[in-house]
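Undergrad:
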Amino acid sequence: MSSALARPLMRRTNVVRNLAARRFESTASQQAKQTAEGAKNTAAEYKTKATEGLSRVTSAAGPAIAGAAKNVSSALGRVGGRTGRFIAFVERQTPLVIYYSKVGLELGKLVFRGQKMSPPSVATFQSYFNRALSAVKNPGALLQSTASTTANAPSSAINQLRNISTTQVVGAGVLFAEVLGFFTIGEMIGRFKLVGYHGETDHHH
Numbered sequence: 016m017s018s019a020l021a022r023p024l025m026r027r028t029n030v031v032r033n034l035a036a037r038r039f040e041s042t043a044s045q046q047a048k049q050t051a052e053g054a055k056n057t058a059a060e061y062k063t064k065a066t067e068g069l070s071r072v073t074s075a076a077g078p079a080i081a082g083a084a085k086n087v088s089s090a091l092g093r094v095g096g097r098t099g100r101f102i103a104f105v106e107r108q109t110p111l112v113i114y115y116s117k118v119g120l121e122l123g124k125l126v127f128r129g130q131k132m133s134p135p136s137v138a139t140f141q142s143y144f145n146r147a148l149s150a151v152k153n154p155g156a157l158l159q160s161t162a163s164t165t166a167n168a169p170s171s172a173i174n175q176l177r178n179i180s181t182t183q184v185v186g187a188g189v190l191f192a193e194v195l196g197f198f199t200i201g202e203m204i205g206r207f208k209l210v211g212y213h214g215e216t217d218h219h220h
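Heads up, my numbering is the position in the sequence shown plus 15, with the first residue counted as 1.
1. Roughly how many angstroms separate the alpha carbons of PHE15 and ILE204, rounded to a whole number?
2. Please state whether the Cβ-Cβ distance between PHE221 and SER136 is less than 9 Å.
3. Identify, in the order they occur along the chain, each residue of the same chain with its Cβ nearer than 6 Å to the Cβ of VAL112, setting aside the five sequence neighbours on each side.
4. If I measure Cβ to Cβ from SER17 and keep anything under 7 Å in the same chain, skipping five residues before and after, which residues do I get?
5. Any chance you could list the alpha helix (DSSP H) runs of at least 4 consecutive residues sitting entirely within the region 117-197, in chain order?
6. Skipping 5 residues on each side, what residues in its chain have a beta carbon closer than 8 Å to that of GLU52?
7. What does the alpha-carbon distance come out to for the pair ILE179 and SER171?
8. Going straight from the alpha carbon of THR199 to that of GLY119, what length do you get?
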């Protein structure tokens, strides 16, 4: 009898334990979800606050920087004498320098790509830099080398003139013709006329 009574009691206790464990797991999972959601919400709030603060700082700093630049430019404009003229000249020439530097850079790129040229390697740059540094450190050796080269210059020039080949002469002639043609075309464009210049018309009284 005692064993028969003990079995349902044990079953009930096991059921109660399972129910308690399930409730505990559900409450623990709910609490974890709530804490995760709370962390996400706080992170989102901090992010929005940070972006708002940055936007306020940038919006406040933009007019301040612009005002400072205007004040500096106006202060430089008030400077008179040679300094003022020099500042005005630099301000006028700055856009031209920027424009022509960009044009020269683009032309250099085109020439490098057309001629399939490549910039010097690091080893070549280091060798030339070391030579220049050694020349600065030992100016006496540099003066001796320049004196020897100037002494040998006439004889080397005569030898080079004697050793000129016909292909070199032809190449020089073609190069001269190309330069002359470009110069002539530029003159025609500048004058807006093939031959001569546009003169002023004589007024007959």
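Backbone N, C-alpha and C fix where the C-beta goes; we use that ideal spot for every residue, glycine too.
It should be emphasised that the depicted structure is a prediction, and the values quoted were computed from it without experimental measurement.
TA: The relevant details are as follows:
1. Absent from the structure is residue 15, since the part of the chain shown begins at 16 and ends at 220.
2. Because the chain spans 16 through 220 in this model, residue 221 falls outside it and cannot be assessed.
3. In the sequence shown, residue 112 corresponds to position 97, counting from 1. Excluding positions up to five away in sequence, the list is empty.
4. Your numbering for residue 17 matches position 2 in the sequence shown. The predicted model places SER17 with a pLDDT of 46, which falls under 50 and marks its position as unreliable; any figure quoted below should be read in that light. Cβ neighbours of SER17 beyond the five flanking positions: none.
5. 137-152 and 154-177
6. Your numbering for residue 52 matches position 37 in the sequence shown. Cβ neighbours of GLU52 beyond the five flanking positions: none.
7. Looking up residue 179 in the sequence shown gives position 164. Looking up residue 171 in the sequence shown gives position 156. Computed Cα separation, rounded: 12 Å.
8. Stepping through the sequence shown from its first residue, residue 199 is reached at position 184. Stepping through the sequence shown from its first residue, residue 119 is reached at position 104. When rounded, the distance between both Cα atoms is 22 Å.
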